[in-house]
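Single-structure report; data block below.
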Amino acid sequence: MWTRAELKDRAKFAFKRNYWRSVLISLLLALLIGGGSGAGSAGSAMSSALGSDGSDITSDSYDDFYDDADDIWYGMNDVYDNTDHTALLFAGVIFVVIFMIVFVIIMTVTILLDAFIFNPLEVGCKRFYLRNLNEAALVGNAGYAFDNNYKNIAKTMFFRDLYTVLWSMLFIIPGIVKSYEYQMIPYLLADNPQMTKEEAFAESKRMMQGQKWNAFVLDLSFIGWDILSGMTMGILGIFYVQPYKDGTHAALYEALRYRTPYQQIQNPAPYQQNTAMNQQTTEMPNRFENQNIDQPFEDRTDY
109 MWTRAELKDR AKFAFKRNYW RSVLISLLLA LLIGGGSGAG SAGSAMSSAL GSDGSDITSD
169 SYDDFYDDAD DIWYGMNDVY DNTDHTALLF AGVIFVVIFM IVFVIIMTVT ILLDAFIFNP
229 LEVGCKRFYL RNLNEAALVG NAGYAFDNNY KNIAKTMFFR DLYTVLWSML FIIPGIVKSY
289 EYQMIPYLLA DNPQMTKEEA FAESKRMMQG QKWNAFVLDL SFIGWDILSG MTMGILGIFY
349 VQPYKDGTHA ALYEALRYRT PYQQIQNPAP YQQNTAMNQQ TTEMPNRFEN QNIDQPFEDR
409 TDY
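Here the sequence shown is numbered in the numbering used here, starting from 109 and rising by one per residue.
And the structure:
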C-alpha cells in the first residue's frame, strides 16, 4: 500500500535530479489543462474613484454628472420616440445571430485544439514524468503521442473529457468523482498507447477503485503549497509546486499500476516484499495479452 510521504519523496528526488526540464514540462502541462494562474489589472477600479487628472471627484463634479445624466436620459427618450422600432428589432436579431455564430466557431476551434493537440501533449507530458521517476527524461517525450498511435490517444482522451463534462452537468460531486476515476487514463496511454478506449477506461476504473478518496486527500495535502504559490503570484508554483505535484501523481500511477495487488484494491494489505508482489501479479488475469504492458515501466523496451 502506498503512502503520501513515499510518493512525495520519490517525486522530489526525480524532480530535483532533472529540475529545469521538469519545470518546463509542468509549465506546459499547466497551460494545457488550465492549471496556471493569472492576475488581472486594477486600473479600471481606480478609474471609478479618481477623475481624469487623478484628483478626487468633488461635490461639484457630482452635480455636473447628474445634470449630464438627465440630459442624456431625455435625449435617449427623444431618440427612442423617433426611432423605427422594426429596424431596431431587426438589428438586435442580427447582432444575436452574429454573436451565436462567433461563439460556435470559437467553441469548435477550442474543442478541436483540445482534442487533437492539447490532449496528446498532455499524454506526452505524463510520459515524461513516468520516465523521469527512473531516469532523467527528455523534453522530447512531450511529443510522444503524435508518433505513437495518435488517433487512438486523441479519441480516448476526447471521450475522457466528454464523459467528465456530462457527469459534471448532473451535479458537481459526480463530476469530481468521475474525474478521479478517469485520472489514470493519460498515464495508461503514455505507458501503452496501443490500449483501446474501452481498456483504458476499464483499467483506470480498476486502479482507482477504493483509491479515489486517498487520491483526493493526496491532492489536499498540497493546499499549503498552493497558498504559498498564490502569495508569490504563482512564481513558486511554476518553479517548485507544480512539478512537485506532477511528479507525485506519476508516482501514484506507478504504485497503483505495478505495486497494488489486483485482487486487494478495496482492502489492500501492506506491501511487504517484491517477491510477494511478483507472485501475486503472476496470478493476475492478463487483460491486455500480447501488449507488453504488465512489465514495470523502467524495464519496458517498447519506447
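For every residue, glycine included, the Cβ atom is placed at its ideal position computed from N, Cα and C. Note that the coordinates shown come from a computational prediction; the quantities given were computed from them, not determined experimentally.
For the pair Thr-272 and Ser-287, the CB atoms are nearer than the 9 Å cut-off. Judged by their CB atoms, Ala-245 and Phe-236 are nearer to each other than the 9 Å cut-off.
For Trp-110, no alpha helix (DSSP H) segment is defined, and its DSSP state is neither H nor E. Closest in alpha carbon position to Asp-117, among Ala-298, His-357, Val-231, Tyr-366, is His-357.
For Asn-300, there is no enclosing alpha helix (DSSP H), as DSSP gives it neither H nor E.
Val-325 and Gly-332 have their alpha carbons spaced roughly 13 Å apart. Taking the Cα of Ser-134 as reference, the smallest distance to any Cα among Gly-355, Phe-330, Tyr-290, Arg-268 is reached at Gly-355.
Note that the C-beta distance between Pro-282 and Val-231 is not below 9 Å. With respect to Ser-130, Asn-240 sits close: the two C-beta atoms are nearer than 9 Å.
When the five nearest sequence neighbours on each side are left out, the beta carbons in the same chain lying within less than 7 Å of the beta carbon of Ala-359 are those of Leu-115, Arg-118, Ala-119, Leu-241, in order along the chain. The continuous alpha helix (DSSP H) containing Met-277 extends over residues 258-278.
By the C-beta density criterion, Phe-198 is exposed, having fewer than 16 other C-beta atoms within 10 angstroms. Annotation: the continuous alpha helix (DSSP H) that includes Ala-253 extends over 252-255. Ranked by how close their Cα comes to the Cα of Ala-250, the residues Lys-259, Phe-226, Arg-268 have Phe-226 in first place. Within 10 angstroms of the beta-carbon of Lys-259 lie fewer than 16 other beta-carbons, which makes it exposed.
Ranked by Cα distance from Ile-346, the options Arg-112, Trp-110, Ala-138, Asn-126 are led by Ala-138.
By the neighbour-count definition (other C-beta atoms within 10 Å, threshold 16), Leu-364 is a buried residue.
In this structure, the CA atom of Ser-276 is about 13 Å from the CA atom of Glu-289. Pairing Val-349 with Ile-284, the inter-Cα distance amounts to about 22 Å. Using a Cβ distance threshold of 9 Å, Ala-308 and Tyr-252 do not count as a contacting pair. Positions of the alpha helix (DSSP H) runs, each at least 4 residues long and wholly inside the stretch 211-247, are given as 227-240 in order along the chain. Annotation: the continuous alpha helix (DSSP H) that includes Val-325 extends over 320-328.
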